[in-house]
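Protein sequences appear in the order of chains A, B, C and D. Counting in the numbering used here, the first sequence runs from 1 upward without gaps. Counting in the numbering used here, the second sequence runs from 1001 upward without gaps. Counting in the numbering used here, the third sequence runs from 2001 upward without gaps. Counting in the numbering used here, the fourth sequence runs from 3001 upward without gaps. C-beta: ideal position from N, C-alpha, C; glycine also. Fair warning: this is a prediction, and the values are worked out from it, not measured in the lab. Each remark here refers to the structure printed beneath this line.
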Amino acid sequence: MTELERVREEDKKLAAERRKIARDGPRLSGAKLEARLERTWKRPRGILGWLATVDHKEIGRRYIVTALIFLALGGALALLMRLQLARPDNDMIGASRFNELFTMHGSTMMFLFVVPVMEGVAVYIIPLMLGTRSTAFPRLNAFSYYMYLFGGLLLWGAFAFNIAPDIGWFAYTPLSGPQFSPGKRADIWAQMITFTEVSALAAAVVLVATILKTRAPGMTLARMPLFAWAMLVVAIMIIFAMPSVALASSMLISDRLVGTNFYNAYEHGDALLWQHLFWFFGHPEVYIIFLPATGFVSVITETFCRRPVFAYPVVVLALISTGILAFGLWVHHMFATGLPRVGYSFYTAASMTVAIPTALQIFCWLATMWDGRPRFQVPMLYVVGFIVTFVIGGLTGVIIASVPLDLQLHDTYFIVAHFHYVLIGGAVFPLLGILTYWYPKITGRMMSETLGKIGFWMMFLGFQLAFFPMHFSGLLGMPRRVYTYPAGLGLELPNLLSTVGAFVVAAAVLLFVINGVYSLYRGAIAPPNPWDAASLEWATSSPPPDYNFAHIPVVKSRTPLWDEKGELPVVTGLRADEKEILLTTVVAAAPDLREPVPYPSLWPFIASIAVGIVFITSIFSPWALTIGLIPCAIALTAWFWPKELKRNPEPVIS
Amino acid sequence: MRLRGPVLILPLLLSGCDYQTYQSIFSGAAAEVRQFNILFVIFLVICAIMYALVIAFLIVAILRRHRAQANVVETGRHHESDPSMRTGLIAWGVLVATGLVALAIASFFTDRSMAKAAASEKLSITVTANQWWWDVQYNSAEASKTLRTANELHLPVGVPVRITLHSNDVIHSFWVPSLAGKQDLIPGRETDITIVPRQIGIYRGQCAEFCGTQHAHMALVVNVDTYADFLKWWGHQLHPASAPTAPLAQAGYRYVTTGQCATCHSIGGTSAGGRVGPDLTHLASRRTIAAGTMPMSKGNLYGWVEDPQSIKPGSRMPTIGLEPNQLHAVVAYLETLK
Amino acid sequence: MSSRFRASLLALGLAAFALAACDREERHSRSKPLGETIPAGESPDTIWPAQGSPPPPDPRAKLYDNNAPAMAEGQFLYNQMNCVGCHSHGGGGMGPPLMDDEWRYGGRIDQIAATIAEGRPNGMPSWRGKLTDDQIWKLAAYVRSLSGQPSKDAVASRAESMSATTPQTLTPREPAHTSDTADQ
Amino acid sequence: MRRVRTALLGVIAVAACAGLEACNKGQPSTAPIKSEPLQSGEHALPASAASPRDDGNWVMPSKDYAATRFSALNQITPANVSKLAIRFTFSTATTKGYEAPPLVVNGTMYLITPFPNFLYALDLTKPGAPAKWVFKPKPLAASQGVACCDVVNRGAVYDAGKIFFNTLDGQTIAVDANSGQQVWRTQLGDIQKGETITMAPLVAGGKVFVGNSGGEMGVRGWIAALDEGSGKLAWKAFNTGPDKDVLIGPRFKPFYASDQGKDLGVKTWPPDAWKIGGGTVWGWLSYDPETKLVFYGVGNPGPWNADQRPGDNKWTTGVFARDIDTGQAAWFYQTTPHDIFDHDDINEIILADIPWGNGRRPVILRPARAGFFYVQDRRTGQVLSATPYGYVNAYRGVDLKTGAMLPNPDKEPKQGRVTRDICPAAPGLKDWNPSAFSPLTGLVYIPHNNLCMDFGAMQANYIAGTPYVGADVKMYAGPGGNRGAFTAWDPVHRRAVWEIKEDLPVWSPALATGGGLVFYGTMDGWFKAVDARTGRELWKFKAGSGIIGQPISYRGPDGRQYIAVVAGVGGWAGAVVSGKMDTRDPTGALGFANAVKDLPMKTTAGGMLYVFTLPR
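See below:
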């Protein structure tokens, strides 16, 4: 038999094999296809199945729920702090207890609520919005959630064991150093940072790969939804910012555990080294929180004004320039540390410049509203609330960007007012809006509109009542992080108003949670596209099946659902008997490869436990790193153990 | 251009009640703070204008189509937006950019003029921050005129003073809002701040960088007096403590200079030489006790000496557990340290 | 209800699942001094004639021994009350070394506290009346950490000063012997 | 790595100070330089009034008022020294640092030991020198708690039938030389304030001069003159405080402007700081019978953290000349104003006459602790020359016009940050151990160390009776890696003639003999004899413990020349051994532990007298 015949023989056998594969398309569609896909993509039942899931929707839901729990816990601490600060010279809560409260409040809100919730929403929505069946690296996605969960449990477990950190969410050395923070409080905080930034890095890698490689065919970069753009920029920022705080917290742990001298001024270490490394991460961190919210606002504005966001390229360029500029202005947190004043003026200019892209984005949203026909349902109300509140925060940000002003306002309640305006106004308002907007997609039911509206107005007015007076307590000379203040400085009234406002905000959040839980059972059943939105996530049922799309849609414009009135064009040919997604090229999103999707596996969970044990035990002994790495190596090896590779007979789809 | 008037009304309006502004940023009692007021007002005005523009645009955008809201759900292509919007975007971009550049330049020049004021100081003070009190040393060319006191500063009006800042433990921040911006005290580094007080009065400042358990009770009082009063005060402070005459005070003197107090505190002219705690030579002439925690009074002295840990828990001042007669004697002696 | 009771009630209510509070980190800022002063002349481990037995340990031992905030405060006092002048960072000098396992007058925390309070004939000054009992016990807790007695999780690895001895978190534990090979 | 950097710094320092006139031909050469001995006309000679002809006895630690430590006996010469053999030994039953010399007076040898300060009288006429009597002063045991640098005693003095010595707890005692009965005892120091006395008294002009120790304990330094017969206080001069306390009056004519002014002892200190400012007198005194002036050095200002005592801190770290009868100060020169490295200036003061122009000029020769060999005019204190006799980078030199020591700004310690590689270290280029001056060769034989240090200043808290230092120190070997050296220095041409590198710091005093030999001991117990001219080692003997005591040479009852030394390691350098310290702590013994971590392996504590002579 000649070589030629042998090859031809083989091809014939391959073609026969190929014919046997079940594949979605004309021969297999409709209910039979969905049943077949359901069987392929469903995960095993029971606890082990629950732990082994790689479904981005399940992981996204867990992220959001866990983050909202931490929001509630952090919020409760805020209420306690406000109770203590309601009256001057109050002795309701002792000094060290109050320091624990504000440290836990800051750390929980920044590391355990706001960043993870943005990642959670993105992990849930992005694959649906891009028209694919799963994220890239789904197991890494699961691993990232567990690391986040263990970080949160470590911090709040320590709080339960009465060894909560009391050094502030920023943990400046030498206060957080070995001499001035006895015991393991600061180590636990630093290790929580290690957990959460490993989780954030993992989630960022997942998002970047998903956004760049798994978009539906035809969804070129120019047609990608703005939320996807926002998450792409955020993910890349995370990849650049998190290592800085990882380095800083690891150096702090080694200073505290084995007596290295990174921050020991006597041995020519430097207390400012911590501040530089922390704020090089710290400022991008607040943009990592804000940019997803701009994505939410773009999505809501587009849908509720019934027209695509005005000047799409300007908004995209604004996102990218904000992402880049964010890395250039961290020293405005350190204007009072005595660095050379010429250097400061550079950072004043940089801090001013970063306001321009955001101003342009706001103009574009307003232009969209101007040109569109806005419907003021709850999500849109939150967008209006966002604009009213965030712009005040942005402008106070410009005020404190100036060195002479910041030297007076730095570390006072003026700053507390500023960052609550930009974080709650800038991120939590859009978050509440987007949770209301995508609630039907996640649960299949609508949230109640009336409860939503009441909730909004309580949140909005409560917020202004809580945080606007803080501008004045700051101007009247009240520093941050004080557990009490003397009478007679004029601080009594602003603090009382803030406390009342805080409780109103708490009530609003409670109302939102009630609305969420109530609608889960008694909410109206959501129609397929309740808000008549334009992006692909509304092209599948709510809640979407495990495989998201029976057939992968083809995109021809920025607003597919609005332009393809009738039937979305689809591409067929993905296997139904194996978990498979379609990889497309980065810029043009032309179909490129078939990518087998990993099956549910316990190894990410086991690996996260092993890594968690290493992190926690390395608080107590340096040997944890050496001995503890063995189980990690085993878990990771097992995780990446290659399945036996069946020769894949698939030719590339032409 | 004395712009303090209108600016002051803002906080007054909202906080409404009578209050002492002697820790407020606006009391403008020093050169540097006056420049702050002017710059703050410039920023406030420009930001308010920009905010008004945004809100106006928002309101118009809301009301414009709200009335003519067609009830039919009309979808379909709607991409071509009218060109005026595009020019609006460019105009907005340019407006924002120029506004920010203007603010940056204003801030730069204010910063420069403040730095220039710093060049010509005549009085040198060294402030060393400890966990939760301020160790103050007035430096002088002649060493024997060096004065050590604590938690209270006296400054001559109109004379630029350069305060050199050290820290013995963690990072603190020296901040007297009515006199100047804050400046951190960082262990292992030497930073400094220049103040040119313009107005006689009493001003309160506080540590503005979180520094541990009692960060809230680390305040200091600054008295700005005439140059003559200032020199009289300095001369008086240089005198060692006068020996007590009343028997009760003498018993107190014996206890303080031989008991636990001498281990941490120093009193000029006696054998007590500890530097761990504040210098008590002229304690009774200061306005507050325990770094601004309580105003100076006999009752507060009793409360503080008897059980400091319940007033300022975590502070290094231990609760000695004095018997009543010892307590009376000690407080009687401390009262003589005028 | 005193303010301290109200605050701890609130914290407990907040952290509903508070298990055994980790005593190693318990911060007691002594507002009231504890019990009577240190019994005079607590003699070190010695001969207990007629089958006698050592007295029960002082109740304060468990509050200060192995307690992180107490040792941190003890470290501050050790430097500021000039113990470092004679004993340096445990190596000794004018005074005997404190980082080895030989304790002429006993290595338990109450014995060390007694030595600090009473002073010893060959030049150890008596601090009774100069330091409060609370300070003396904190000093004793820190002195024990110089020879690695307390657990590694409660001690500080270094101070914000020139690096001297190996970090206490890495020094091997040397059980205290009441012995005296020095001749004085 | 540190060695390379220090060597590099050394080069820079040399280059830096090349410009200044003050540091002339620069560093001593490392290899011993061979040169022919100087003719007598060309070299310095001891002040004749203060150095009478040698009568074979050794009645005071410095041998004579000119502090030559030179014995004219010449029976032992470089030729026969190799046959030197041990004659008898005697154990002092103490194991602390033995810094004193044995005294020999007409056939009796007197030994004063460190704490508890026993005084032995050995009868040299009988074979094996049995003890005639022992006087036990029984000093307070608690005084050991305030003796900063080992409970040492630097020697007793014999005069007019009585032995005078000090005890650690601050008493001066006179004992009858024959019977061993106490004649009188005066309490001078107060251990509750941290005062001890370790120095050897000086007896001159019918008075006994004694000063206190405790610079590290925040005491106030003074020197007292007691009447030789009754022990009553004649006069007492403090080294800080108002002029009336410092006995500064109309007679006081300091040469340099910086030392002139009223009440400088108060004006150059922050308020009250002079009361706890140190300035102790614990070193060596010299006396010039001709001008009836007593010369002595003043110790370091307290605390070591100089930020706490701004100002020149008069009259610490300097040299006083006082009239012996009234105590009135004649002149003063401050070697290091506002001292920042604990460089006490208490080293020995050799009275000599050096060739100047065509005559001779009465000077004092001082191998000072800061590392400079001072030649100053004895009558006015004017600095004629100040040349570093070892590696120094802490100072840039001495400005001869104003007499001021020019510090090196980047070696100035700042609170809150360690300053590295300061040479010489706190014990200085040479500490208290005195050098010897041989009229034969005109050279000063300097036993010194070669140490550098890291210095971290911090706030010092004053509690009476406890150390008041405020600094963490770590010392280590200086450039070249040797921690000590024995240098022969020519004061006229201001250069080292030869130098022997020693591994350990040389903490023992030197002895020069008429036979052209120089004796010194090492901290690991070697007792060496070297040729006075060439520095070649001719003989050495391994003693039982490190040698920091003063070797002496005397004529025995049988007319033969004997060499005696007591071996007992200790002092600040040997505290690691005598204080039974734990070498795992580098900052132990104020930083010295780090420099001599290996000493406990090389020697044990002891206190043994060794007497050598040539075999019959």
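Test: residue i CB closer than 8 angstroms to a CB of chain C
{"i": "G1088 of chain B", "result": "no"}
{"i": "T1257 of chain B", "result": "no"}
{"i": "F620 of chain A", "result": "yes"}
{"i": "S107 of chain A", "result": "no"}
{"i": "I1320 of chain B", "result": "yes"}
{"i": "P1278 of chain B", "result": "no"}
{"i": "V115 of chain A", "result": "no"}
Delimiting residues of the beta strand (DSSP E) encompassing residue i
{"i": "V3108 of chain D", "result": "Just to set this straight, residue 3108 of chain D is Thr in the shown sequence, not Val. Element bounds for T3108 of chain D: T3108 to I3112."}
{"i": "Q1206 of chain B", "result": "G1201 to Q1206"}
{"i": "F3437 of chain D", "result": "A3436 to S3438"}
{"i": "Y3287 of chain D", "result": "L3285 to D3288"}
Rounded Cβ spacing between residue i and residue j (contact assumed at less than 8 angstroms)
{"i": "L53 of chain A", "j": "A142 of chain A", "result": "Reading off the sequence shown, one finds Thr at residue 53 of chain A, where the question assumed Leu. Their Cβ separation, rounded to whole angstroms, is 6 angstroms, which keeps T53 of chain A and A142 of chain A in contact under 8 angstroms."}
{"i": "P3139 of chain D", "j": "F3115 of chain D", "result": "7 angstroms"}
{"i": "I3552 of chain D", "j": "A3543 of chain D", "result": "Not a contact, Cβ separation roughly 15 angstroms."}
Any chain B beta carbon closer than 8 angstroms to residue i
{"i": "Q2075 of chain C", "result": "no"}
{"i": "F310 of chain A", "result": "yes"}
{"i": "W3269 of chain D", "result": "yes"}
{"i": "E2160 of chain C", "result": "yes"}
{"i": "N3461 of chain D", "result": "yes"}
Residue i - containing alpha helix (DSSP H), residue span
{"i": "R3185 of chain D", "result": "Looking at the DSSP string, R3185 of chain D is not in any alpha helix (DSSP H); the run it does join, the beta strand (DSSP E), is Q3182 to Q3187."}
{"i": "G3128 of chain D", "result": "G3128 of chain D -> no alpha helix (DSSP H), and no H or E assigned at all."}
Residue i: contacting residues in chain D (beta-carbon distance under 8 angstroms)
{"i": "A265 of chain A", "result": "G3416 and R3417"}
Residues that residue i contacts on chain C, provided the C-beta gap is smaller than 8 angstroms
{"i": "T1263 of chain B", "result": "M2081, K2130 and L2131"}
Partners in chain B for residue i, counting only beta-carbon separations shorter than 9 angstroms
{"i": "V2950 of chain D", "result": "With chain D represented from 3001 up to 3616, any question about residue 2950 of chain D goes unanswered, as that position is not in the structure."}
Residue-chain proximity (residue i, chain A), Cβ-Cβ < 8 angstroms
{"i": "T2037 of chain C", "result": "At T2037 of chain C the pLDDT is 46, less than 50, meaning the model places this residue with poor confidence; the figure from the coordinates comes in the next sentence. Not an interface residue."}
{"i": "P1083 of chain B", "result": "no"}
Contacts of residue i in chain A (Cβ-Cβ under 9 angstroms)
{"i": "G3456 of chain D", "result": "Y266 and E267"}
{"i": "E2025 of chain C", "result": "F161, N162, I163, P182, G183, K184 and R185"}
Distance cut-off 7 angstroms: residue i Cβ against heavy atoms of the ligand COA
{"i": "A3512 of chain D", "result": "This structure lacks the ligand COA, and indeed carries no ligand of any kind."}
Residues that residue i contacts on chain D, provided the C-beta gap is smaller than 7 angstroms
{"i": "T2165 of chain C", "result": "R3584 and D3585"}
Minimum Cβ-Cβ distance from residue i to chain D less than 8 angstroms
{"i": "D2180 of chain C", "result": "no"}
{"i": "N1168 of chain B", "result": "yes"}
Short CB-CB distance (under 8 angstroms) between residue i and chain G
{"i": "Q1326 of chain B", "result": "Here chain G cannot be found, since the structure's protein chains are A, B, C and D."}
Contacts that residue i makes with chain A (C-beta to C-beta distance below 8 angstroms)
{"i": "S2157 of chain C", "result": "P178, D255, R256, L257, V258 and G259"}
To be precise: take each residue of the segment 2113–2136 of chain C, compare its Cβ to all Cβ atoms of chain B, and keep it if any distance is under 8 angstroms. Which residues remain?
For the segment 2113–2136 of chain C, which is checked against every Cβ of chain B, the residues closer than 8 angstroms are G2129, K2130, L2131, T2132, D2134 and Q2135.
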